[in-house]
Amino acid sequence: MPARSSLAPLLIAAIAAGVLAPALTLAKPTILSPADGEEVESEIEFVVEPGMSEYCDTGGCGYVVPSQVAIQVDHKNVAFVAEQSELKAEMVTIPVVLEPGSHEVSAVAEVYGVADDFSDPITIYVRSSEEDGCSCQAADVGEQALGVVLLLGGLVLAPRLRRARRETHARS
26 MPARSSLAPL LIAAIAAGVL APALTLAKPT ILSPADGEEV ESEIEFVVEP
76 GMSEYCDTGG CGYVVPSQVA IQVDHKNVAF VAEQSELKAE MVTIPVVLEP
126 GSHEVSAVAE VYGVADDFSD PITIYVRSSE EDGCSCQAAD VGEQALGVVL
176 LLGGLVLAPR LRRARRETHA RS
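Residue numbers (my numbering): 26 to 197.
Structure (structure tokens):
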């Protein structure tokens, strides 16, 4: 029996710690822009609602803004905002430059070092520069110029080559 009574204070302490321990309810962020499935330029600004997490302890409950909001592209952090003045706003804007192609994007909010509150993922398609006309014009102009040079060069060299061939056949 004495062993049983010595466990009682430990059991009561464990229950009290579990009941009185601080609790954090994470609110996941939301990507407001661009929309899921949208086709975008390589330089893009993500608009994210950071979300407010609820923190409760023995003194009551309150809301906490994230300490950081990051953009994950294909499961890798690529950009983040950590300014408290921006994170207290209803929306934050995070600029990112992406490679052409399809990408899965999520927003991640970190509260008290916990970074497991992810937004629902969206998929976006980044146009290549050829699709939006930026570099294809330069390539077309270069190809046209090369074609003109080859054509003129051929017109100038062709008579000389024919003359050289005739002279070679005449000598043999």
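The beta-carbon is built from N, C-alpha and C at its ideal position, and this holds for glycine as well.
Please read these numbers as outputs of a predicted model, since none were measured by experiment.
{"Query": "Where residue 111 falls: helix, strand or coil (DSSP)", "Result": "helix"}
{"Query": "Residue range of the unbroken beta strand (DSSP E) whose run includes residue 58", "Result": "55 to 58"}
{"Query": "Endpoints, the beta strand (DSSP E) within which residue 134 is located", "Result": "126 to 136"}
{"Query": "Residue span of the beta strand (DSSP E) that contains residue 120, given as start and end", "Result": "117 to 122"}
{"Query": "Candidates 75, 90, 193 and 57, of which the one nearest residue 69 by Cα", "Result": "57"}
{"Query": "Per-residue burial, residue 75 [other beta carbons within 10 Å of its own, 16 or more giving buried]", "Result": "buried"}
{"Query": "Separation of residue 52 from residue 105, as counted between CA atoms", "Result": "17 Å"}
{"Query": "Sequence-distant residues of its chain with Cβ nearer than 7 Å to residue 193 (five each side left out)", "Result": "none"}
{"Query": "Buried or exposed by the 16-neighbour rule on C-beta atoms within 10 Å, applied to residue 115", "Result": "exposed"}
{"Query": "Residue 163 (DSSP reduced to helix, strand or coil)", "Result": "In this predicted model, residue 163 has a pLDDT of only 44, less than 50, meaning its place in the structure is not dependable; the value taken from the coordinates is given anyway. Residue 163 falls in the helix class under three-state DSSP."}
{"Query": "8 Å Cβ cutoff met for residue 130 and residue 96", "Result": "yes"}
{"Query": "Euclidean distance between Cα positions of residue 92 and residue 103", "Result": "17 Å"}
{"Query": "Residues near residue 77 in its chain [Cβ-Cβ closer than 6 Å; skip 5 each side]", "Result": "52 and 88"}
{"Query": "Assumed close pair residue 59, residue 142 - CB separation to whole angstroms, cut-off 8 Å", "Result": "Contact doesn't hold; Cβ gap of about 21 Å is too wide."}
{"Query": "Which of helix, strand or coil DSSP assigns to residue 148", "Result": "strand"}
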